[in-house]
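Each residue of the sequence shown is one higher than the one before, starting from 0 at the first, in numbering that gives the first Met the number 0.
Note that CB positions come from ideal geometry on N, CA and C, so glycine has one too.
Below is one structure, written out as C-alpha cells, with a few remarks after it.
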Amino acid sequence: MTAKTSGESPRAFNFGALADLLIVMTVLVIVKQSVLPYSFLYAGPASTFSAMVVGTILLRRRGLGWKDLGLRWPESWLKTAGLTLLTMFLFIVAVKCMELVAGYFFESVGASGRFDHVEGNLPAYIGIMFLTWTHASFFEELLFRAFVISRASHFLGGGLKADLIAVVFSSIFFGYRHYYYQGMYGALITGAAGFAFGMCYLWFARKNIMPLIFAHGIFNSISQTSRFFGWED
Numbered sequence: 000m001t002a003k004t005s006g007e008s009p010r011a012f013n014f015g016a017l018a019d020l021l022i023v024m025t026v027l028v029i030v031k032q033s034v035l036p037y038s039f040l041y042a043g044p045a046s047t048f049s050a051m052v053v054g055t056i057l058l059r060r061r062g063l064g065w066k067d068l069g070l071r072w073p074e075s076w077l078k079t080a081g082l083t084l085l086t087m088f089l090f091i092v093a094v095k096c097m098e099l100v101a102g103y104f105f106e107s108v109g110a111s112g113r114f115d116h117v118e119g120n121l122p123a124y125i126g127i128m129f130l131t132w133t134h135a136s137f138f139e140e141l142l143f144r145a146f147v148i149s150r151a152s153h154f155l156g157g158g159l160k161a162d163l164i165a166v167v168f169s170s171i172f173f174g175y176r177h178y179y180y181q182g183m184y185g186a187l188i189t190g191a192a193g194f195a196f197g198m199c200y201l202w203f204a205r206k207n208i209m210p211l212i213f214a215h216g217i218f219n220s221i222s223q224t225s226r227f228f229g230w231e232d
C-alpha cells in the first residue's frame, strides 16, 4: 500500500509495517498448527479468524482500517460483476499454466479427504458453504491479499517493485498454507491462484476488493457443490 492510500510517509524498510506483517503471519501459523491435531477441517478457519482480529487491532493502531486496504461498498455493482469475471478468467489462466508445470514433478492428492464428509450430507454442505464465504473468501482475501501485500510493500518502501515483491511473497505464503492437505502439487496451484489474485489486487482491488472476494467464493462454492453431489473426487 502506498503512502497516498495509507496516510503514512514513504520510507525504505518501514519496520512498523514489518512488525504488523510478522505478527499476523505468526498468528496464522501458530493457531493453525495448534488446532490441526484436534481438527483437520477447522484449523484454517480458526487461524484466519484469529488473524482478522489481530490484524484489525494492528491497523487501528496505525490509524487505518480495512477500508483503507480496499474493503469498500461497491460504487457500481455492474462494474464489480465485470471485475469479478475478469478475476475469475485470470485465475483460470494462472492455474492452468501452473498445472502444466506442477504435473511434471508432483502428483495431485486432491484435498486429502478433508471434505469427504460433504458428499451427500446437507448439514455438512451448509456448514462448508458458510466457511466458504467467511474463511475461504472474505478472510483469506483480506489477509493474504489486502493485509500481507499492503504491509509487505510498505515495509519495502512502496512503489511498483515493492508491490511485485509483496505479491510474490504473498503467493508463496498462500501456497504454503494449503500444503498440509493438498501437497506440493496443490501448494503450487494455490500459489499460482494467489499470484493472479495478488496482481488483480494491485491492478484494481485496492479501491474495491469485493471482486476478489466474490471470485474466490464462487470458485469454492462450485467445488463444494460438485463434491456434495458426488461430481468431484
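Quick one: grab the DSSP three-state call for R150.
helix
What runs of the alpha helix (DSSP H), each 4 residues or longer, lie entirely inside the stretch 21-51?
none
How many Å lie between F154 and L20 at the Cα?
9 Å
By the 10 Å Cβ neighbour count, where 16 or more other Cβ atoms means buried, how is A192 classified, buried or exposed?
That one is buried.
S136 and G250 - do their beta-carbons sit closer together than 9 Å?
In the structure as shown, the chain starts at 0 and stops at 232, and residue 250 therefore has no counterpart that could be examined.
Quick check on H215: does DSSP put it in helix, strand or coil?
Correct three-state label for H215: helix.
Boundaries (first-last residue) of the alpha helix (DSSP H) holding W76
Where W76 is concerned, the enclosing alpha helix (DSSP H) stretches over W76 to F104.
Once you ignore the five residues that flank N13 on each side, which residues in its own chain have a CB closer than 6 Å to its CB?
The residues are H153 and F154.
Under 8 Å by Cβ, that's how I've got G119 and G229 pegged, so tell me the actual separation to the nearest angstrom.
7 Å
Rounded to a whole number of angstroms, what is the C-alpha to C-alpha distance between M128 and F138?
14 Å
Kindly indicate the opening and closing residues of the alpha helix (DSSP H) around P122.
Per DSSP, the continuous alpha helix (DSSP H) segment holding P122 begins and ends at L121 to L130.
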